[in-house]
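**Student:** Take the sequence shown: its letter number 241 is residue 348 in the working numbering, and every next letter is one higher.
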Amino acid sequence: MVKKLLILIFISSSLIIKSQTLSEILSISFEKPIGTARFESMGGAFGALGGDISSININPASGAVFIDNEFGFTMSTESIKNSTLFFNNNEVTNNFKFSINQGGGIWLLKNYGEGNINQISFGINTQTVNSFNDNFDSKGRNTINSIDSFFLNNSLGFSANDLSVDSNESISSVYKYLGEYYGYAAQQAFLGYQSYILSFDDDSKSFYSQADISEGVNQHYINESKGANTKSNLNLSIQYKENYYFGLNINFHEVYKSNFTRHVESNFSELSPIKNITFENSLVTQGKGFSIQIGTIARFNSFRLGLSYQTPTWYSLWDETYQSIDTKSEDVDGNVYQDKIDPKVTNVYPEYKITSPSIITASTAFIFGKIGLISLDIISHDYSKIKLKPTRDFSFSNNEINTKLANSLDLRLGTEFRFKNFSIRGGYQSFGSPYKDSEIMEDYNTFSFGFGYDFGDTVLSVSNKISESKRKHQLFDSGLTDLTKIDSNTSSSTLSLIFKF
């Protein structure tokens, strides 16, 4: 391998930009909190209510509404059914997960401040604000495109000599060297060439594909994701006189996301030298985030108003990738070859920054005495404000965010009716698409219900939530950019135990 390539393409962004797609960047910025069973059953509409541990994540002033010290935890099950449509072929994948997704407590200091400050509250709450658990499976016969176009696009600017393995080198050493000095594209071109998908034409000085899809090719794409964005609130709130509540949160995020994809191609055209391709990629994203929240609630007899603001969340993230490719080929004499190119190298990318959009929540609620209540939250986040840094390295990604993403409005509606110690609850949520082109991800709704029983010192609550969403997933960032349509049906059940003291 020539140690000085024809085109020097190494810059730090070449290691970063290619490791995260727009949808992956968005998933870090989404906040769809999973809280207590009461919170879940009422659609999360607690911005003007308070009095629930999860409500401090919506409006920090909620902590001062409590009348007792409380602590509790929540466990849940989630079942996701993903139906995909890819070249008129349908596939169904079912996912199931159990988790403890929330825990926290509130401590009160009452009658503080000579009558003006009636109460000071201290709280801590940790809960999942976005779950990354999502598996789907797509199959179809593609008569237009193959994974070979992905490798061809990444081979531009290289020669066969650049991607060769000399006698004193190994697959691992060359792959690692290319990644460290020439970036993502060089590694992809290397895998394509070493697996014999690509061959080099000395006359045109360019690569060409040995995969013949003139009669089409069967494609099978598997995507498996897991992990969560977990948010911890450190809360301080006060009740000023009788009717006004103010609060402050210091928020800490913990991000872990693991994504594995396997792309298989088979049944090429009869004369194709390439007979089968299996391309596997693993991406792990980890990091931490920080934000600040302020909020207020005003009470006017039975009517309440709430307003809260969360600053942008400043994330520091780093990625690790691992990939391999396996091909089956046949020469003109009928000899069959099986080539597995597994560099056994984990690429560790430099730390980068994502700034997610700020969140504004306006809320209102009406209390029907001791009978029940109805509440409404409207949430605004402008996803076009997401920024990646270093800015000079992410100009393409930031421009894509600015041109493809938009401001989104979410709505939460909740109600509760009480019969002595027993409560029945219902809720509705509407999530707006973050894309300007809503066909990529449509608006979607969730419906929830539940009940609770107050035993005095202990409250037991359960909830169930169902939702349906539609989106499109692009297989690869270059070349094979075909879209698979995904219809997701999600059902989650939640149980919370709250202890008063």
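Glycine residues also receive a C-beta, built at the ideal position from the N, C-alpha and C atoms.
(1) Return helix, strand or coil for Gln679, following the three-state DSSP convention.
(2) Note down, in chain order, each residue of its chain lying with its Cβ closer than 6 Å to the Cβ of Tyr444, except the 5 sequence neighbours on either side.
(3) Closest by CA to Asn240, which one among Asn366, Leu305, Ile132?
(4) Measuring alpha carbon to alpha carbon, tell me which of Ser190, Ser389, Ala292 ends up nearest Asp244.
(5) Suppose the cutoff is 6 Å on Cβ atoms and the five residues either side in sequence are ignored; what does the same chain contact list for Phe180 look like?
(6) On a Cα-Cα basis, can you pick out the residue from Gln346, Ile493, Ile320 that is closest to Gly222?
(7) Could you pull the start and end residues of the alpha helix (DSSP H) that Ala144 belongs to?
(8) Which residues share a DSSP beta bridge with Glu377?
(9) Rounded to the nearest angstrom, what separates Asn552 and Asp484 at their Cα positions?
(10) Do you know how far the Cα of Asp550 is from the Cα of Asn542?
(11) Taking the alpha carbon of Glu609 as the point to measure from, which residue in Glu458, Thr453, Asn275, Gly559 has its own alpha carbon closest?
(12) Alpha carbon to alpha carbon, what distance is there between Phe137 and Asp438?
(13) Taking DSSP's pairing of strands, which residues face Tyr416 in a bridge?
(14) Taking 8 Å as the cut-off, does the region 143-150 touch the region 568-575 (at least 3 CB pairs, one atom from each stretch)?
(15) Could you give the distance in angstroms between the alpha-carbon of Gly586 and the alpha-carbon of Ile163?
(16) Would you call the CB atoms of Gly539 and Ser482 closer than 8 Å?
(17) Got a sec, what are the start and stop residues for the beta strand (DSSP E) Ile207 sits in?
(18) State the Cα-Cα distance for the pair Leu298 and Asn330, rounded to the nearest angstrom.
(19) Assign Gly563 to one of two classes, buried (16 or more other C-beta atoms within 10 Å of its C-beta) or exposed (fewer than that).
(20) Taking 8 Å as the threshold, find out whether the region 462-470 comes into contact with the region 411-422 through three or more Cβ pairs.
(21) Spell out the partners DSSP gives Ser228 in its beta bridges.
(22) Could you please give me the residues that DSSP links to Glu331 through a beta bridge?
(23) What are the boundary residues of the alpha helix (DSSP H) that Gly479 is part of?
(24) Going by DSSP, what residue range makes up the alpha helix (DSSP H) through Ser136?
(25) Could you give the distance in angstroms between the alpha-carbon of Ser537 and the alpha-carbon of Ile432?
(26) DSSP three-state call for Tyr352: helix, strand or coil?
(27) Give the straight-line distance between the Cα atoms of Thr588 and Leu495, rounded to the nearest whole angstrom.
(28) Output the distance between the C-alpha atoms of Ala335 and Tyr456, rounded to the nearest integer angstrom.
(29) I'd like the ranges of any beta strand (DSSP E) spanning at least 3 consecutive residues and lying wholly in the region 519-570.
(30) In whole angstroms, what is the alpha-carbon distance linking Asn225 and Asn356?
(31) Based on Cα-Cα distance, which residue from Gly247, Ser253, Ser545 lies nearest to Ser379?
(32) Taking the beta strand (DSSP E) that Glu177 falls in, what are its first and last residues?
(33) Under a Cβ-count criterion, where at least 16 other Cβ atoms within 10 Å of its own Cβ denotes burial, should Asn197 be classed as buried or exposed?
**Tutor:** So, from the listed chains and residues:
(1) There is simply no residue 679 to check, as the chain begins at 108 and stops at 608 in what is shown.
(2) Ser436
(3) Taking each of Asn366, Leu305, Ile132 in turn and checking the Cα distance to Asn240, the smallest one comes out for Asn366.
(4) Ser190
(5) Gly210
(6) Gln346
(7) 144-148
(8) Looking at the DSSP assignment, Glu377 forms no beta bridge with any residue, so it has no partner.
(9) Straight-line Cα distance between these residues: approximately 14 Å.
(10) The sequence given here places Tyr at residue 542; Asn does not occur at that position. Tyr542 and Asp550 have their C-alpha atoms roughly 10 Å apart.
(11) Nothing about residue 609 can be reported from this structure: the residues present for the chain run from 108 to 608 only.
(12) 50 Å
(13) DSSP links Tyr416 through a beta bridge to Ile401, Ile467.
(14) yes
(15) 46 Å
(16) no
(17) 196-217
(18) 20 Å
(19) exposed
(20) Counting C-beta pairs with one atom in each stretch, the region 462-470 and the region 411-422 have three or more that are closer than 8 Å, which means they touch.
(21) Leu215, Ser344
(22) Asn242, Phe367
(23) Where Gly479 is concerned, there is no enclosing alpha helix (DSSP H), although the beta strand (DSSP E) around it starts and stops at 479-489.
(24) 129-136
(25) 41 Å
(26) In the structure shown, Tyr352 sits in a strand (DSSP, three-state: E or B).
(27) 23 Å
(28) 20 Å
(29) 529-538, 551-561
(30) 20 Å
(31) Closest option to Ser379, judged by alpha-carbon separation, among Gly247, Ser253, Ser545: Ser253.
(32) 177-193
(33) By the neighbour-count criterion, in which a residue is buried when 16 or more other Cβ atoms sit within 10 angstroms of its Cβ, Asn197 is exposed.
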